[in-house]
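Heads up: the structure comes next, in structure tokens.
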Amino acid sequence: MFEEAIELFRVMQNEGVKADRVTMVEVASACGYLGTLDLAKWIHTYIEKNEIHCDMQLGTALVDMFARCGDPQSAMKVFNNMSRRDVSAWTAAIGAMAMEGNAEQAIELFDEMLRQGMKPDGVIFVALLTACSHGGSVEQGHKLFRSMKLVHGISPHIVHYGCMVDLLGRAGLLSEASDLIKSMPMEPNDVIWGSLLAACRTHKNEEMAAYAAERINELSSERSGIQVLLSNIYASAGKWNDVAKVRLSLKEKGMCKVPGSSSIEIDGMVHEFTSSDDRHPENSHIESMLQEVNCRLKDAGHVPDLANILLDVDEHEKEYLLSRHSEKLAIAFGLISTAPGMPIRVAKNLRMCSDCHSFAKLVSKIYNREIAVRDNNRFHFFRQGLCSCSDYW
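For the sequence shown, position 25 (counting from the first letter as 1) is numbered 25 according to UniProt numbering, and the numbering increases by one without interruption.
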């Protein structure tokens, strides 16, 4: 759908039809979901060149577009240049900070909004709590959550409780997260229990994971992602019979696992990879680069984390499968397709595994590249062996 919107816009340009403000709002929104920064910059330039009036709605769309494309600096530049801002504009700016886990800046923006006399809504607190979750700011998250009702008269909805469970779970405060779920004034849904389940996997708490899994099964969750997560936890524990049961249940319900895929834009063309993908025309060069990278990483002391391969296969096969994760293929393609020192930008539809995260950190240092990866949780900016998430995602 988003690709079609961009393609239609390109057809308009080829036919000499000048876009108006309303059209550019839709185009900017579509670009944000696609996450293509080069296109985002072109759209912004088009608006300025054609002197399209940038009102609050279009300005907010541009802030959100740049945030989703992993360019918070450009997002904030647009925001700061807006002559008028409503709560939606402030929410978009805070969301830009949330995407990179900059809780401190997100809270500063919120405080400035309050000083300007604006009244917050429930949506802006989702952005704030997400920023705290991604930034590991537990105390600030607690403070903001309490202030919703006490200070601003906003009753937290289930999505706000979900943010808090995610915040506590990421921080390893699993008992606190469980207690919060039990104290909720509404029935927790499968998303809430799924957040706790994900935290249990990260922090290797099998007992609480089993409890969360029972609650999810009681709800007969139809979300394939949660069922796949449950299967992965069983696989991590070597419980292959339970893995088989979950996979059979998925099949019987007509649900399927969403395959991991990563995309990278080179010279205006998007190249997409799946795990162990060998269909790309440059596959032989990608394989050669991967072998070179893996050798250099091995020399640097990198040991593959085979726990990320949740299949009942031998270690040699696990190491091979791990080396062909989709983001590694995309990064290798980026290395052979761009000039030395140029940044590499990858979009991943699922959460980065810990080994791919370590891989990207080391590649950024060894090859002196800035690597940006947008997974389904946040942006990771890798520079000189470090990640902007501080290994907290």
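Cβ coordinates follow ideal geometry from the N, Cα and C atoms, glycine included.
For residue i, the nearest candidate out of the options (CA to CA)
{"i": "V228", "options": "K328, A67, L350 and L150", "result": "L350"}
{"i": "I336", "options": "K182, E315 and P281", "result": "P281"}
{"i": "V27", "options": "G194, A61 and K348", "result": "A61"}
{"i": "S155", "options": "A30, A177, L39 and M184", "result": "M184"}
{"i": "A347", "options": "M1, S284, Q13 and I266", "result": "I266"}
{"i": "V363", "options": "I124, L290, P188 and A40", "result": "L290"}
{"i": "H380", "options": "N232, I344 and I366", "result": "I344"}
{"i": "C356", "options": "K41, A332, M342 and A339", "result": "A332"}
{"i": "C163", "options": "I366, G141 and S263", "result": "G141"}
{"i": "Y320", "options": "L109, Y33, E287 and G341", "result": "E287"}
{"i": "K18", "options": "N50, A30 and L8", "result": "N50"}
{"i": "H325", "options": "L150, T338, A339 and D305", "result": "D305"}
{"i": "T274", "options": "G341, K328, G135 and S249", "result": "K328"}
{"i": "S29", "options": "S236, T130 and F2", "result": "F2"}
{"i": "D391", "options": "M352, N368, K77 and R369", "result": "M352"}
{"i": "D277", "options": "G260, E187, K251 and K77", "result": "G260"}
{"i": "G225", "options": "L250, F382 and E207", "result": "L250"}
Endpoints, the alpha helix (DSSP H) within which residue i is located
{"i": "K298", "result": "N283 to D299"}
{"i": "residue 411", "result": "Residue 411 is absent from the structure shown; the chain starts at 1 and stops at 393."}
{"i": "R215", "result": "E206 to E218"}
{"i": "H44", "result": "L37 to K49"}
{"i": "L173", "result": "No alpha helix (DSSP H) contains L173, which DSSP labels as neither H nor E."}
{"i": "R115", "result": "A103 to R115"}
{"i": "C389", "result": "Segment: none, C389 is in no alpha helix (DSSP H) and carries neither H nor E."}
{"i": "H357", "result": "S354 to I366"}
{"i": "G238", "result": "No alpha helix (DSSP H) holds G238; DSSP gives it neither H nor E."}
{"i": "K328", "result": "S326 to S337"}
{"i": "G95", "result": "V87 to M99"}
{"i": "P72", "result": "P72 to N81"}
Cβ neighbours of residue i in the same chain (closer than 6 Å, five flanking residues each side left out)
{"i": "D86", "result": "M56"}
{"i": "S137", "result": "A103"}
{"i": "N205", "result": "L174"}
{"i": "G172", "result": "H203"}
{"i": "A67", "result": "A75, G95, A96 and M99"}
{"i": "G32", "result": "D64, M65 and R68"}
{"i": "A127", "result": "T91, I94, G95 and A98"}
{"i": "V270", "result": "S263"}
{"i": "M186", "result": "I158"}
Assumed close pair residue i, residue j - CB separation to whole angstroms, cut-off 8 Å
{"i": "residue 396", "j": "C387", "result": "Any question about residue 396 goes unanswered here, given that the chain covers just 1 to 393."}
{"i": "V165", "j": "A177", "result": "5 Å"}
{"i": "N189", "j": "L219", "result": "7 Å"}
{"i": "E302", "j": "S358", "result": "The question names Glu, but residue 302 is His in the sequence shown. Confirmed, Cβ separation roughly 6 Å."}
{"i": "L174", "j": "H203", "result": "6 Å"}
{"i": "I47", "j": "C54", "result": "6 Å"}
{"i": "F125", "j": "L144", "result": "7 Å"}
{"i": "A300", "j": "I216", "result": "A300 to I216, Cβ: 40 Å. No contact."}
{"i": "I264", "j": "G341", "result": "Not quite, the Cβ-Cβ distance comes to about 17 Å (not below 8 Å), so this is no contact."}
{"i": "R21", "j": "I52", "result": "5 Å"}
Unbroken beta strand (DSSP E) run spanning residue i, endpoints
{"i": "T274", "result": "M269 to T274"}
{"i": "V346", "result": "I344 to K348"}
{"i": "E265", "result": "S261 to I266"}
{"i": "H152", "result": "Note, H152: premise wrong, no beta strand (DSSP E); not H, not E."}
{"i": "H380", "result": "F379 to R383"}
Same chain, Cβ closer than 8 Å to residue i, neighbours up to 5 away in sequence not counted
{"i": "A89", "result": "M56, G59, T60, V63, F79 and M82"}
Nonlocal neighbours in the same chain, by C-beta distance under 7 Å from residue i, ignoring five residues either side
{"i": "A209", "result": "L197, C200, R201 and I233"}
{"i": "A212", "result": "W193, L196, L197 and C200"}
{"i": "L37", "result": "C69, G70, D71 and R345"}
{"i": "L129", "result": "G141, L144, F145, H160, C163, M164 and L167"}
Exposure label - residue i; buried when at least 16 CB within 10 Å
{"i": "W240", "result": "exposed"}
{"i": "M97", "result": "buried"}
{"i": "T91", "result": "buried"}
{"i": "L322", "result": "buried"}
{"i": "L180", "result": "buried"}
{"i": "G268", "result": "exposed"}
{"i": "residue 399", "result": "Nothing can be reported for residue 399: it is not among the residues displayed for the chain, which extend from 1 to 393."}
{"i": "G238", "result": "exposed"}
{"i": "R279", "result": "exposed"}
{"i": "A372", "result": "buried"}
{"i": "M113", "result": "buried"}
{"i": "L248", "result": "exposed"}
{"i": "residue 444", "result": "For the chain, the structure presents residues 1 to 393; residue 444 sits outside this window and is missing."}
{"i": "S133", "result": "buried"}
{"i": "A330", "result": "buried"}
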